[in-house]
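Using the numbering used here, read the sequence shown as starting at 725 and increasing by one per residue. In what follows, a structure is listed as structure tokens, so that the remarks can point back to it.
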Amino acid sequence: MVRWRADLQASVLAQRWSHGLFLTAALLVTLLPPWQLSYGLLNLLLLAAVMYEWRRHHHVLQRRCGALVWKENDDWRWQQRHWRLCPATCCLNAAILLRLRGEAGQQQFWLMRDSMSEAEWRALRYQILTAGPADSPV
């Protein structure tokens, strides 16, 4: 039986923050170099590195989408893998830090409030705060 289920989307808030940070970094690289402006090629290389990192980060955010299911036996299913919730879970008003342990190792990520519907968010917070995770190892 399923305790909780959500189809996660990329968080708009997380995307805005990352866009702002990478834009700031790009501006700092191009406008405030510690060397002379005659090193234009170096500026372009640094700007290309910042843009490449922004694109990689954007793809990481997009890969975190999909169905997340929490079953009755404290078994989590995400991206066709089985996980167990580690005991130290952090719940905030806008995000929940999930630490999941699986066969391949440990994975942790923030579930943002705007990455799911309001009903799914409330149900997850209720389940985590009242039931709590099991302390059993994988």
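Even for Gly, the Cβ is constructed at its ideal location relative to N, Cα and C.
Would DSSP call residue i helix, strand or coil?
i: Met836; result: strand
i: Ala819; result: strand
i: Leu756; result: coil
For residue i, is the classification buried or exposed, using 16 other Cβ atoms within 10 angstroms of its Cβ as the cut-off for buried?
i: Arg787; result: exposed
i: Leu752; result: exposed
i: Met725; result: exposed
i: Ser839; result: buried
With a Cβ-Cβ cutoff of 8 Å, do residue i and residue j count as a contact?
i: Trp834; j: Ala819; result: yes
i: Ala843; j: Cys789; result: no
i: Ala750; j: Val774; result: yes
i: Arg849; j: Val793; result: no
i: Leu824; j: Trp800; result: yes
Bridge partners of residue i, per DSSP?
i: Leu792; result: Ala730, Trp802
i: Cys814; result: Leu821
i: Gln668; result: One cannot answer for residue 668 here, as it falls past the ends of the chain, which runs 725 to 862.
Quick one: measure Cβ to Cβ for residue i and residue j, integer angstroms, because I've assumed they're closer than 8 Å.
i: Arg846; j: Lys795; result: Actually they do not touch by this definition, with Cβ atoms about 19 Å apart.
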